[in-house]
Every structure is written in C-alpha cells, then in structure tokens.
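Novice: Protein chains in written order, with the numbering used here: chain Z, 1 to 282; chain W, 10001 to 11139.
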Amino acid sequence: MAPAKKKHASSQPCIIPGGFTVLSLQFSPDSAAQHKVYVKEHRVRAEKSSHRPLDRTLFVLNIPPYCSEAVVRELFSQFGSVQSVELRDHPGSFQESGPKLSKFFRPAEKKGFKVGYIVFHGSSSLTAAKSHPHNVPLVVCTEQRPVRTGVQKWIQQYTESFIQSDKLQQIVDSFMKDYDKRKEEEAERQKKEAEQQQEDEEGWVKVTRGHKGTKARPHSEAANQRTLQKEMRKKKRKELMNFYTWQHRNTQKEHIAELRKKFEEDKQRIALLRAQRKFRPY
Amino acid sequence: MKKKLTVAEMIASDSSHEEEEDEAPLKAKRSKPGEAEEGEPVCRPVKLSRNDLYRPPTVEELNQLKEAESLFHCSLLKMQMEELLKEVTLSERRKQQIDSFIQTVTTLLQAVPDSPEVEVSDLSWLSSAVKIPFLPVPKTTKGKFHMAPPASVDLIGSYPLGTCSKPRIMVDLAVTIPADVLHPKDAVNQRYPRKRALYLAGLAQYLTSSSDIGTMRYSCLHGNRLRPVLLLTPPDTSSFTVRVHACPPPGFFKPSRFHPQRNNIRTEWYTGLQTSQSESSEPPTPHYNSSVLGDLLPRAHLQFLSAVSSQCPAFADGVALLKVWLRQRELDQGTGCFNGFLASMLLAYLLTTHRISNTMTAYQLLRNSLNFLASTDLTVNGISLAKDPDSTAPSLAEFHNGFQVVFIDPSGHLNMCADMTACTYKQLQHEASVSMQFWDNPTVDGFHSLLMTPKPMIRTSDHVFQLCELVKLQSSCKKLNLLSELMDHSGNYVHTVLPFLLSLLQRGLGQRIHLLTHSLTPDPEWSVDSEAPKHKAQPPLSFGLLLRPELAASVLERGPPADSPKAAEFRQLWGPRSELRRFQDGAITEAVLWDGESMCQKRLVPKQIIAHLLQLHADIPESCVRYVGAMVDDVIKTGSEVSSTGEEESLLVVQSYDDLSRKLWRLEGLPLSITAVQGAHPALRYTQVFPPLPLKLDYSFFEREKISRSLVPKEGKPCPAYITPITVICHMEGSGKWPHDRLAIRHIRTAFHIRLGELLKNDHNYTCRPCPTHLDVWKGGLVFRIQVAYHREPQVLRESVNAEGLLVVRDNEEAQALEMATIHKPLLTSTLHGLQQEHPCFGAVCRLVKRWLAAQLFSDDITEDSADLLVASLFLQPAPFTPPGSPQVGFLRFLHLLSSFDWRNNPLVVNLNNQLTAADYTEIKNDFMASRESLPVMFIATPKDKKVSMWTKRAPSVQMLQRVVMVAAESLKVLEHQLMDGSQIQDVRVVMRPPLDVYDVLIHLNPKQVPLLSQAVDPPAVNFSRGVTTGSVAQSGGALPVIDYNPVSLYLTELREAFGDLALFFCDPYGGTVIAVLWKPKAFISMPFKTSQVSARSVEVTGEEVKTVPNVEAILEDFRIMGEGLVKSVEARTEKWSF
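#1: Using only the alpha-carbon positions, how far apart do Z/F263 and W/L10366 sit?
#2: Assuming W/C10730 and W/L10664 form a contact by the criterion Cβ under 8 angstroms, report the distance between their Cβ atoms to the nearest whole angstrom.
#3: Using the DSSP secondary-structure output, state which residues sit across from W/E10119 in a beta bridge.
#4: Using a C-beta to C-beta distance shorter than 7 angstroms, which residues of chain Z count as neighbours of W/D11118?
#5: What is the C-beta distance between W/D10865 and W/L10828, in whole angstroms, given that I count them as a contact (C-beta under 8 angstroms)?
#6: Express the C-alpha separation of W/A10348 and W/S10127 in angstroms, rounding to a whole number.
#7: DSSP puts W/P11110 in a beta bridge; with which residues?
#8: Whose CA, out of W/G10734, W/P10234, W/P10682 and W/F10891, lies closest to the CA of W/P10826?
#9: Assuming W/V9950 and W/M10420 make a contact with CB atoms under 8 angstroms, what is their CB distance in whole Å?
#10: If the cut is a Cβ gap below 9 angstroms, which residues of chain Z does W/F11089 touch?
#11: According to a CB-to-CB cut-off of less than 9 angstroms, which residues of the region 10185-10215 of chain W neighbour chain Z?
#12: Between the Cα of Z/N62 and the Cα atoms of W/I11115, W/L10551, W/T11134 and W/V10292, which residue gives the shortest distance?
#13: Could you check what DSSP says for Z/W204 in three-state terms: helix, strand or coil?
#14: Which residue wins for smallest C-alpha separation from W/L10516, given the options W/I10610, W/L11005 and W/N10224?
#15: If the cut is a Cβ gap below 9 angstroms, which residues of chain Z does W/V10909 touch?
#16: Could you give the DSSP three-state label for Z/G80: helix, strand or coil?
#17: Kindly list the residues whose CB is nearer than 8 angstroms to the CB of W/Q10511, restricted to its own chain and excluding five residues on each side of it in sequence; keep chain order.
#18: How big is the Cα-Cα spacing for W/L10979 and W/A11016?
#19: Quick one: what's got a C-beta closer than 6 angstroms to Z/K130's C-beta in the same chain, skipping five residues either side?
#20: Under the assumption that W/R10335 contacts W/L10470 (Cβ atoms under 8 angstroms), give the Cβ distance between them as a whole number of angstroms.
#21: Would you mind stating whether W/N10189 and W/T10237 have Cβ atoms separated by less than 9 angstroms?
#22: Would you mind reading off the limits of the beta strand (DSSP E) that contains W/L10545?
#23: Using the C-alpha atoms, what's the distance from Z/A223 back to Z/R217?
#24: On a Cα-Cα basis, can you pick out the residue from W/G10157, W/Q10364, W/S11036 and W/G11071 that is closest to W/G10782?
#25: Please state whether DSSP places W/N10913 in a helix, a strand or coil.
#26: To the nearest angstrom, how far is it from the Cα of W/T10773 to the Cα of W/F10465?
#27: Could you tell me which chain Z residues have their CB closer than 8 angstroms to the CB of W/P10694, listed as they occur along the chain?
#28: By how many angstroms is the C-alpha of W/V10105 removed from the C-alpha of W/L10203?
#29: Taking Z/K114 as part of the beta strand (DSSP E), name the residues at either end of that continuous run.
#30: Whether or not the region 10948-10955 of chain W and the region 10964-10982 of chain W are in contact is what I'm after, with contact meaning three or more pairs of Cβ atoms, one per stretch, closer than 8 angstroms; do they touch?
#31: When the Cβ atoms of the region 132-146 of chain Z are set against those of the region 23-36 of chain Z, are three or more pairs found closer than 8 angstroms?
#32: Tell me, please, which residues DSSP counts as bridged to W/H10518.
#33: With a cut-off of 8 angstroms on the beta carbons, I'd call W/L10695 and W/I10723 a contact; round off their distance for me.
#34: Are any of the Cβ atoms in chain Z nearer than 9 angstroms to that of W/C10719?
#35: Would you grab the beta carbon distance between W/V11048 and W/V11010 for me? Rounded to a whole angstrom, and I think it's under 8 angstroms.
#36: Could you tell me which residues DSSP pairs with Z/K36 in its beta bridges?
Next comes the structure, spelled out in structure tokens:
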C-alpha cells in the first residue's frame, strides 16, 4: 500500500506530489498495521487570524480517532515544543466560536478521523517534522503514555460526565450574567446610535434606516412576504370572474382540460403498472 | 459553506485538483437518483402540450370523460378493471388449442368399444393399469354393467358459456352414459355412482392407449367422492385441463326421487345388518340425492345461463371479476365452495329478478352481487331460480331442513349449495360486507384490496388451528351418533362431522369471536393407476377464528343462574368444567374459569376452550389439535415466573410515568409553570420490544463516583445491566423572561433541570442527576429522563440575521431535530398510546415487528418510530382484512405489507386519528408524484406530515429498502409455511436469524460486555451477573445507577463516525454479539488525493498522480483498538472481497 518510492530510500522522508510528507503512525509498538499521516506546512493565501502563524503551523491530515489533542501534542513534541493543537473534522479557516462555553455545554464532538493544525514555538520544528523518515512510525500508546480505548475509555467518559448540580448552576449563572451584560451593552450601543440621529447643533438630522420612534416596517423576510401577499390579494379582489362570456368559456375549457389531464395521467399510470405486471391477480 | 472553506485549503495544497473537486460531488449527486431508478420505469408528471389539452372535444370523448368522472372514483379504477380482465380472459390462441384438443378427445371417445356385461362388483374386465375411482364402502352392490360408446359428448360449464378464466383453465366435457348401461332403479344404494365410476374407468382404460392424451388423472367434483371425474391434459401443454364427467341421459331419473326428504340409501344395505325399518322411517339422504341429481342437470343449466348471458353483454366479465374476488379469498375451490358456476348462477338470479339491469357494466355487476351477498342470508332465507316449479318440487322450507345453505336451481329440485356449510356462507357474507365497506371508502385503493390482494387463512384469521389426524374423526362420528348422516355422505366422515364440530365451537366460543371459518378441502387428484385415496389422506382441516378483541381474552365464562332452566344446557356444554360460583354482585351462577394470568396466556383462552370442547363432545384428543395462535410470540417473551409478552411490564412503566407526571404538575416553586408533560419513549406507548423492568441494584457490583456518590461501572467486571432512560418532555410556559438566543435558552433550560431535580429530591426523595440536556430521575427502579422544552426554541434556532441585516428564517437540521424530539415524538407517542387503547394487541404487534427488524439487523434503517407507524397503518387501514386481533397475524401482515407495497410509486398514508379526508389523500398523492425523486424511498405520510415523510427521511436507502423487502418476503414465506404445515420443522426463530454470509467483516463481541445479552433471539445458556438482585424495589432514594451505558452502542457510534463513509455497520441492539460490516461498493475505488478525503486512506503514487485507497489493514486494526475489551475477534472474510 505504501508508495513505491519508499523501498529504495528507506530512511528518507516520503514526500508525495502535492508537497505532503507521509508519516506512519501506529497505535502501540507491537501493532501490525500503520496509518499514514500526511503533514505539510500550513499555507493559505490570506490567513487572517493570528492563531495559525504561517511559518510555524503544521497542517496534519488523517489523524486517527483515538488521538486526542493531548496525544497529538505529545506525539509531535518530538519535533520541537508545541504551542497549540487544533483538531477539526474538516480542513478550513479558523472559526471564532461565540462566548467560551464550559465542556458540558459544547456540542458532542465527532469521533472520526481528524485534521490538525499544530503550532510550534519555532519554525525549525516544521522542517524536522517534514523530514521525519517514513519507516520510523509515530507510536500513540506506549507504556509511559498509555492511551485508553474501548471499554476503559467509555467507563472513564461515563465517570467524567458527572457534574455536581451547584457547579452546573454556577456555570449557568456566570453565563447568564455574561449574557445579560452583553445584552445591556448591545442596548447601550443601539441607544447611542439612536442619539446620533438626533438633531445636531445646526439643526441637521442624519436620516438612516430604522429610526427609533418612527414606525418603520419590521425588518425581516417574513414581513416582506406578508406585504407582498397583501398586495397580491388586493389585486385579485379587483378581478372579475365569470363575467364575460369568454371567461365562462375558458373555465369550461379548463375543466375539460383538467379531466383530460387526469385521464392521461391515469393512462400513464396504468401503462406503468402493466409494464410491471401489476395486474396479475395471482 | 463547507465548499468555501475547503477551497482555501485547496489553493494552498494543489490548485490542479480544484476543478475536479468541483465536479465530483455534482456528478455523484446527479448519478445517484439515476442509478436508483434504473431498470424499472417510474411515474413522472404528465406533460401535455397546450394543443392537446385545449383542442375541442368530440362528443364521444366527452361522454367517456363524463362517465369516468361520475361512475368511478376516478377513471383509474375502470382502467384497472379492464386491465385485470385482459389478464384473466383466455387468448384466441389458447381457445384454438382447446377446441382442437376437445375435437380429438370427442372423436376418441366416440370410438370406445363395447364390452360384455358383467356384475358391477366384478372388476376383472379392467386392466391393472387403470383403477376404479371410487371407494367401495360397503363392498357389494347389485346390478350389471358393460361398456358402450357414449350416447353423446358435449361441452358444458364455463367454457361454452365464455366465463372460463385463467389460471386453472378447466374445460368440462359431459359424456352421456348410454341408457342401456343404466337401470331406472340405479339411483338407490350407490348403484348409479358406482356404474359411473366404472364407466369413467372404462374410458380411462381406452384412452391410455392413445398418444393424443398427455396426462390422465382422476379427481372428484368439489371433493365429493361419489362424483369422480377424469382429468385430461394435452400432450404438448399443461396450460389447461379437460374434465370429463360421466352423466346419465337427460331425464333418465325422475327428479322427484331426489326430494331432500327421500331416502335413497337403505340402512340395511349400508350397515349390512338386518333391520326391521320400513322404507318410510329410513332417514332422508339429501346430500346423496343432490349429488346424483347434480349429474342430471348440467346441460339444462348451461342452456339457462346462455340464455341469461346473451341478454347481458357484461355477464362474462362480471363473472370473471367475481371469480377473481372469490379466488383471492380462497372460496372458489374445494368441498362446499362458492365456485364460478355458483357465481354465474348468482348473477343470473340477480338479472332475472331485475335487481340488476342488462345494460350494467362488469364493475356494477360485481358491486351489486357483493351487495346482495352482504345483505342476504341464504342460511335462513334461501333463494330460488325456479320460475314456476312443478308440483313435485320441494318447498324452500324442506330444503332448509336438509341443507345449511339454500340456493335452488332453475329446475326447482336441486340445491346448488348442498355441500356448503353455514360457516362458509357466513365467511362469504363477511367478506362481501367488508369489501363493500372499503369500496365505498375513497381513501382506500379499492381495486387493490378488492381484487389483487390474496387473503390466505393464516393472514386473515387471528388464530388458526388444525385437526391433524383426521382418522380420529371416525370416533367423533360415533360419539356424536351420526350414523344416518354418515350414510348420507356415503362414508365421508370428515364432511359428516364438520358441520357438527362447527356448531359446537360456535356455541362454545360464542361472543369471543366474530367469525369462525374453515378451510375447504381441496379436490383430491390421483393418477389413474392408483386406488382412490382414503378420506383420511386429505390435508389437515384448518379452522380460522376472527376474534373480538375485547371479549376473546376473558378468563371467565359466566353462565345462567344456577336455578334457571338454561343452567342444564350450560352444564351439558361445558361438562365438568362448569361450576357454581358466587360473584361480587351477589349472583350465584354457573361459570367456567379458564387459566391465564398474563395477557399472552389470556390470549390463548380460545385454545383451551376448543381443546376442552373437542375432547368432551367429539372425542378428539388435544394432541390432534394443532393450535397456531401464539407461536411467534416466544421471541418477545420475558418474565421468569409468569411468561409475558410485555403488556404487564409496559403497563407498570406507564403507571409509574403517570405518577411522575402528576408529581411534576404539583411541584411548587418553579419560576415558570409547566404547560405540558408528555412521554416521548416507545415504552410509554406499549411498543418497546422489551419494556424496562424495575431493577434493584447490588451496590457492591459497582464503583462509586467521588463527588455525587453515583454508581459507575467497574473495570474488569461484566457490563452492568442496561437501564433505559424513559424520555419525558416537559414543556415550560412561554414568557418574556425567556431569552431570544440559542445559547442562553440552553443555559436557562439547564437551570430548570437543576431546579426540577432539587424539587423532586426535596419533595419526593428521588435521586436526580441534572445535565445541560436533561434531568435523570431514578424512581422505583426505573429511570426517567426529563427534558425541558420551550416552544419557541426551534423558531429561534431558525432565525438568523444575514449580511444586509435582514432577519431571515431558514430551516436547519438542528431545529428539525429539536422539533422532532419535543413536538413530533411526544405527539406520536400519545397518538399511538390511544391506538393501543383501541386495539389491545397493537403494542404486541409492534414489539414482534421491531424484534424481527432488529434481529435481521435492520433497526437502523427502519427506525422504531417508522416501524410503529407501519404497524399503525395495519390497524388503521386493514382493507381487505379486519384489524389484526393477535400479534401473530399482525406480524404476518406487516411482513406482507413491507414486501408487497409498491414503495416506488405510492405513498403509505397512515391516517392517525382519522384526521385525513379524501381530499387530503389526493393532495398527498399528487405532491408525492410531483416530486417523487427528491423524496425518501419509503414515504410515510401522516396527518401532521403530508409532504416530507420526516420519520423516514434519513433511512432507509434504496439499497437497504430493497434488501428489507427481499428478506421480509422470504421470512413471510418460511413462516407461513411453517405455521400452516405441522410436518415442517417447528422453529419460528429461523426467520429471526439473519444470514451473515453477505457481510465482509464480522466483529465478534465479548458477551460479557453486551449488557442486553439475555434478550438475544437464541438466549445464551449462561449469563453473567450484572449487578441486579431480586427483591422488592424501593420507590425512591438510593444511589443513582449506571444509566444508558451500553458499550455496544458506544462502539457502534464511534465506528460509524470514523468509518461511516467506507462501510455500513449492522448490529442487533437486543443482545446481538456480532457486528456485521459491509464495505460500501464505492469505497474501494481509488480516488485522487484531496485534503478533505484522505480519512483512513493510504496513497499510491504513479508518476505525478497521487491516488488514495482505504488502508484496510489499519482499519481492521482500528476495529480492534477502538473496541478494546469489547471486541473478541475481527473476522475478515477477504475471500469475498472483490476489489
């Protein structure tokens, strides 16, 4: 399965077209099979956030599900000290999640293969990682650093899922305090904006949308729709139905067309069923 | 969104792949539906051009359209019937074949040589290759016989009339025995029937030498051994059969001799004993009489029917439809059937009495005849076709004395329904009235239920039982003192005793049943060189019971007061089982008490009654009665002392829930009040396969968690018993205090969970565990999982502000999932709970069905909710059946529904609470047709969900549905075969053992870590201690147990998350110890290297091209690593893999 190149240069790093270096990873020292981890320096045209400095971030693909952030940190610290590890389901730019949530409130993580962004302290670590020989596998679970899987892990998970209710209450309270504060700030800001729209010294009023105090149209999609429908209904009411002879004739014509259409539909359905031999009673 | 993100990475990695990636998913999307629809055509909305639609109509077309609109629900039904008729009528080619064969046979028969005259009992003139088709009991009879060429050979019956239809094409040929072979006194003492049999044997002997005849067999008309017939098929094809009847010359016997009160078999001759009875005191022999008389009249009947049918152009089509209807209900064959001849006669009766007019269409003929059958009871008020019967003809009352069902032919002498039992007629009436009911219902696909759905007894009747050793019926004849009846039936003890057994059972079962039916003995067939089979050689007699669910399971049979005159009758019926009992109302009455503690035992009370009555009155031992009523129920049986199928346990759960709900309502000190408490778990609608049992825990088995002192599973010990959390949704009052932000709402909900937990702990001492998502309450050995819900939350989840600051409402999965959990599931639960109150066996059917689905590893494809809905549809729209009255019949019908429903072209509409009208049905159907391809493959519509089929949106996929359908069909076949045939191996669990050879990898699990091991289809002999002790369960308090901890499901989730795009994982959630893995067909196609698609793949480099393939060895290793402690072995069946 391994690339053909490997055989000739066994202690060489294996680099595949596209710039990725292939590292082997196995669960325990005596594992028979290895996963291939693909690493490359993180490079995008416009990285806005400072979380992934371009020269110090290693982009890692195909991290097996039993490697948690801590495990990955340990694994890669052999190339240099690690500043941060970010594991994600899919590659993508850094997302600012809203207010910091306690672990009990975060949505459950998917336990599949992950993509990792590892930020080292020094940029030399990147080169070290990229030139790691292919035939020296990274070992996840060693005696010094046991990684729990299976039943042990599930029991641990179950045990860790407990939280005392007063602690939970604390988390809730602090979040809600935070939330209220944000709400207040928001209200404050809006009020300020509104004040800006007041008359200035020279008597000018800055006119913007959504002036406080005036009865503006509600600013939502549903409201837009409602107004449109109202218009339509109005239009319809003004129309005359079955007033002129041609209108009457038209409705009759429509009726026959309707019957015909139904007839055709039924015919088609029958043809279909006949094709499937659906009329054999036995 | 996802697209955008990946592009950023793509630029960095390799821009050359960008284009490909853009295309690939699109292609996949496009190809997927196309592939699914391959092979079979699919209905697409019709597109007619404007010109076609609006061209001026011709008068003819206008009439046709109008007729279709007014006569039928839609023109569809009319067309369907026309198509059906095309399928059953004989083709011209076939007719030519028949005509030419008839020609050959006729010429052959005309040349039968004469033979010298011998005694009737002398069979030496017959060669050994041909036997006489007759059971000579008693052996001797007087008379002379010789062979002579037939006086005439004529076609009779359906073929010349034009009502002959496929399948089983029978062409009747009457061969007239020359008058000099017979003697006018031959009608007495079976002389004529014997001569007729001899004559047939003579014909057979002559025909064996001819090469123009294919096969030659004997049979007898409607199972009547006195009326043998000779079956001939042409040598080149077996698509039709010619039935040769031997008849006396017309008018040879005087019809008045065969008056139902007359005797034509002398006791002295029959018993061989000298008796001093005079001829006048001999018992009448109505059945014998009518069997001889029946031979005299076929030509007259043909003339009569031809005359009638020539008046009515749709006659033949009407008869054909009626025959199809009868055949689907298994009423058209065998002894005492309502055959095509009777159907023609019935139509003739309706036409001659002007109940239907000659100009009606076949559709109307069928409808009117069913209406007539439904409303007329021929067992009480017989009908007669005779216009002006001669003075010798018997009166209707005399016919009623001799026969159970009376329908008199045009001559006025013959009762055409002589062999029919009252039960068969009642069944016919029942079928007709059921058919009329659903025919009038515009929401039912009338055509399909009326004419296309077969109704075998095992799927129609709630309970079925069989009498196996028919020889034992001889002793019942003796016990019931039926000598004269036996004489009348010329020794056929089965048919003699049958009416008596039926009336006995009818009396005994009384109010418990709607209907008692019995199988019609099929006509025996045997080759001409073997002896006629004995009466006992026929297949076992089957009886079907249609139960009245509210009364059938009652253990008490309350009789009349001890001093009333009816008491003696009651005691006579029940024998020693009847005893005097004093009731709470002070009455002292005769009563019979049957055994039965749990519901599943009570359901078998009819079995006890039948066994008891048959033993007491008919001397039939219990070992001969094979009762098929609850054979399948075994797989959902629980309980150690009293076996139970879960009704009692479910009731306990529901009661406990009701108590909790009451306590929740009464809580004080909540900031907002509770507006609704709703159950949202299958256990709360009686459909949980194994309802949770209250458990008492052995604390020493567990570890303790440090802070809350809750129990935690111990490493190294077997997995603790699984405790199902029973979901309860608790809606909180809406208020301005609720925040308008998704995260804040979640936190407030958590606060409610905490508060509720505190209150429940303080007020009722329940151990509680609040979490952000729910609150677990440990109450009386059960765990309830309370989820607080706020009705505006889905709305909040849907709202978002877009870039322009416009508030948009967009549906998303999160909101849907929340609505599903807090609105739809509770609603479904309460609706189905209502259905259970109406139909007591609804829950049991659901449990059986879900057990089967789980055992066949389909429980992830057909979810619990959709399975419950499918079962609900069986109860809400049972046409052409009645709602299932026992778990077994419900299960069989479910399998039939699953395997025969046309999922591709039809939506399954489940009319919960009868909320849908006919207009809604049309709307659903039209919407479905219009967007078939984008809808789920299994489309289930309910009143609350007409357009999207939310319960089956996620699963099953096309492929899985195909497999489910296939397995269901196979299971149904195996099961019905087993249930109806006592000689098969009796192991219903066969249908619960999935075939594992189709899967690529099997992961065997360590039984120690499978908590539900004891629920397996084949429960293991040894089980592990799982921390549960026996004893009474404390109502409150105690340490919190291990809740919802199931290593198997945790493992499955992890596997699916990691390898879901490479393989499918199947497991029986109820104690399955194997996980079956199936690689997806597309998983092993090598793909170009893409950053988003390298999970568990290894690369292959060829030049500059990089391809990836799954790293199978590592994946198999991962299966082991991820399930450390749970996985026993991973069995990779590499020999099956093809990539």
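All C-beta atoms in this analysis are idealised placements derived from N, C-alpha and C, irrespective of residue type, glycine included.
These numbers were taken from a predicted model, which means no experiment stands behind them.
Specialist: Result, derived from the coordinates:
#1: 23 angstroms
#2: 6 angstroms
#3: W/K10144
#4: P64
#5: 6 angstroms
#6: 45 angstroms
#7: W/R11097
#8: W/P10682
#9: The requested residue 9950 of chain W does not occur in the structure, where chain W is confined to residues 10001 to 11139.
#10: I16, P17, G18, F20 and Y38
#11: none
#12: W/I11115
#13: coil
#14: W/I10610
#15: Simply none; closest approach about 17 angstroms.
#16: coil
#17: R10548 and L10551
#18: 22 angstroms
#19: T21
#20: In the sequence on display, residue 10335 of chain W carries Thr and not Arg. About 13 angstroms; that fails the 8 angstroms criterion.
#21: no
#22: L10541 to L10547
#23: With a pLDDT of 49 at Z/R217, under the threshold of 50, the modelled position of this residue cannot be trusted; read the value that follows with caution. Each residue's Cα considered, the two are about 8 angstroms apart.
#24: It should be pointed out that residue 10782 of chain W corresponds to Leu in this sequence rather than to Gly. Checking every option, the nearest Cα to that of W/L10782 belongs to W/S11036.
#25: helix
#26: 52 angstroms
#27: Result: empty, since nearest Cβ-Cβ is about 22 angstroms, beyond 8 angstroms.
#28: 11 angstroms
#29: K114 to F120
#30: no
#31: yes
#32: W/F10543
#33: 7 angstroms
#34: yes
#35: 6 angstroms
#36: Z/S24
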